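Numbered by full-length UniProt numbering, the letters in the first sequence go through residues 1 to 219 in order.
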Amino acid sequence: MLTKKQIEYVLETMGEMFPNAECELTHSNPFELTIAVVLSAQCTDALVNKVTPHLFDKYKEPEDYIQAPLEELEQDIRKIGLFRSKAKNIKKLCQSLIEDYGGEIPTEKSELVKLAGVGRKTANVVASVAFGEPAIAVDTHVERVSKRLGICKWKDSVLEVEKTLMRKIPMEEWSDTHHRMIFFGRYHCKAQSPQCPECPLLEVCREGKKRMKKRGVVV
DNA sequence: CTCCCGATAT
DNA sequence: ATATCAGGAG
């Protein structure tokens, strides 16, 4: 496991690698962001961004999603995959926005998770990106990077990863850390082909050193 | 734990 | 051609 000092170094290095890391989902208000994050479940942000320009042009308010026939909404988001469940969730989500939240996205995580299609990860993204709340959304990238580096244990659940990160990282750095780890995971420490040989974190990375050894490279 | 599903990397 | 990617609901 990495020490606090090592984690500091890791975050600093990621910051140097990706100084402009931020949410990559196209959106112009909390409502659009929420829809985009719901769509992004089990799907890349890049793909979501291909669908949302048309979607946000056509559906401005919760009412617009409610009024559209389900089949039409499904077709509008079909490229995303899992489109039937997501279309249903979005309709439900908009319904409760109107009924329970005055048509606005709630700012509290505890309220966000009550919305259809919004789980812990999505709630954290919305709270953090839309409302500036300190949060670390543990998506697949954050989880993979944390585990490969040795910030947490391999068998930790997503929730345990989140708790560990919150424990080991000062709160004012949660938001930046979250985005840096996502960029690091998405563009460098990739799921299929991690760029270990060129990684500036190789010397502190548990998994990286193991992979190098496997290939007979001395690090 | 299984189902939901299309896009993209290999 | 097919393995892998990417969260939440039931």
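Note that beta-carbon positions come from the ideal geometry of N, C-alpha and C, so glycine has one too.
Please read these numbers as outputs of a predicted model, since none were measured by experiment.
Using the Cβ count rule (16 or more neighbours within 10 Å means buried), how would you classify residue i?
{"i": "A87", "result": "buried"}
{"i": "T44", "result": "exposed"}
{"i": "L39", "result": "buried"}
{"i": "D139", "result": "buried"}
{"i": "G102", "result": "exposed"}
{"i": "A191", "result": "exposed"}
{"i": "S175", "result": "buried"}
{"i": "V217", "result": "exposed"}
{"i": "G185", "result": "buried"}
Name the two residues that bound the continuous alpha helix (DSSP H) containing residue i.
{"i": "K86", "result": "F83 to Y101"}
{"i": "K109", "result": "K109 to L112"}
{"i": "N124", "result": "R120 to V125"}
{"i": "E71", "result": "L70 to D76"}
{"i": "P53", "result": "D45 to K58"}
{"i": "F31", "result": "P30 to L39"}
{"i": "M1", "result": "Looking at the DSSP string, M1 is not in any alpha helix (DSSP H), and its letter there is neither H nor E."}
{"i": "V204", "result": "Run containing V204: none; DSSP gives neither H nor E here."}
{"i": "S146", "result": "T140 to L149"}
{"i": "L25", "result": "Counting along the chain, L25 falls outside any alpha helix (DSSP H), and DSSP gives it neither H nor E."}
{"i": "S175", "result": "W174 to F183"}
{"i": "Y187", "result": "Careful: Y187 lies outside any alpha helix (DSSP H) and carries neither H nor E."}
{"i": "M166", "result": "V158 to K168"}
{"i": "Q67", "result": "P62 to Q67"}
Nearest CA to the CA of residue i: which residue from the options?
{"i": "E133", "options": "P30, F18, T13 and G208", "result": "P30"}
{"i": "G208", "options": "I35, N49 and V145", "result": "V145"}
{"i": "T13", "options": "R180, C196 and N89", "result": "R180"}
{"i": "E162", "options": "A46, V142, V37 and G150", "result": "V142"}
{"i": "I35", "options": "E99, E71, D156 and I77", "result": "I77"}
{"i": "K61", "options": "F83, I90 and T107", "result": "It should be noted that the sequence gives Glu, not Lys, for residue 61. Selected option, being the one with the closest Cα: I90."}
{"i": "Q6", "options": "L201, V218 and G185", "result": "L201"}
{"i": "R120", "options": "V158, I98 and F83", "result": "V158"}
{"i": "K109", "options": "E99, I98, D100 and T122", "result": "T122"}
Residues in the same chain with beta-carbon distance under 8 Å from residue i, minus the five sequence neighbours each way, listed in chain order, please.
{"i": "Y187", "result": "F18"}
{"i": "S96", "result": "K114, L115 and A116"}
{"i": "C199", "result": "H188, C189, C205 and G208"}
Excluding the five sequence neighbours on either side, which residues of its own chain have a C-beta within less than 7 Å of the C-beta of residue i, listed in chain order?
{"i": "L33", "result": "L25, H27, V126, V129 and A130"}
{"i": "F183", "result": "F18 and A21"}
{"i": "K92", "result": "A116"}
Starting from the C-beta of residue i, find all residues in its chain whose C-beta is less than 6 Å away, skip the five residues before and the five after it, and write them out in chain order.
{"i": "K79", "result": "V51"}
{"i": "T107", "result": "F131"}
{"i": "T164", "result": "C152"}
{"i": "E172", "result": "none"}
{"i": "W154", "result": "K147"}
Below 7 Å, is the gap between the Cβ of residue i and the nearest heavy atom of the ligand SAM?
{"i": "E71", "result": "In the structure shown, the ligand SAM is absent, as is every other ligand, since no ligand is present at all."}
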